[in-house]
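In UniProt numbering, the protein residues as written are 1 to 183.
Rendered as structure tokens:
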């Protein structure tokens, strides 16, 4: 297994030609809700967009910290209800219920680095201001935080590029199913 490459912080060029960081490592904390996370019980959850810009709904969910699978399902359902007014986690709004596949994908424990745009010392005024991006990373990577990720059941598996414990590119393990579970 080869170590994944260190994430790269994007830069912009100042008027004098000097490169400046265009983003910074952000460790979500008490400001998580102000930056797109929803507080549900003791969890902070958000929806993740896919790599294609044509998604109206999240293709995956991210919960800060390592949590059990049932807690992630509950948080994802709360997210869909509060953000999209839709409590059925098996479908996206408008999907045909006859095509319902009731299996919910397993959640995984992994680590990520959150990069926030812009760097506060070098605001650029672009369309990406006040946004963040996620980079899956090994736990030893500078700025890596523990997260639990799960694909939305209605999203195609290829749309949600969360780490897969069976493939091992980024260290990940399946989240335990419920209290007392050993899996």
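Cβ atoms here follow ideal geometry from the backbone N, Cα and C, with glycine treated the same way.
Per DSSP, the unbroken beta strand (DSSP E) holding residue 109 starts and ends at 108-117.
With 16 or more neighbouring CB atoms inside 10 Å of its own CB, residue 163 falls in the buried class. Under the three-state reduction of DSSP output, residue 133 falls in the strand class. Rounded to the nearest whole angstrom, the C-alpha separation of residue 167 and residue 173 is 11 angstroms. The three-state reading of DSSP puts residue 13 in strand, counting E and B together. In the DSSP annotation of this structure, the continuous segment of the beta strand (DSSP E) that includes residue 60 starts and ends at 60-64. Rounded to the nearest whole angstrom, the CA to CA distance from residue 35 to residue 56 is 19 angstroms.
Rounded to the nearest whole angstrom, the C-alpha separation of residue 114 and residue 99 is 35 angstroms. The three-state reading of DSSP puts residue 149 in strand, counting E and B together.
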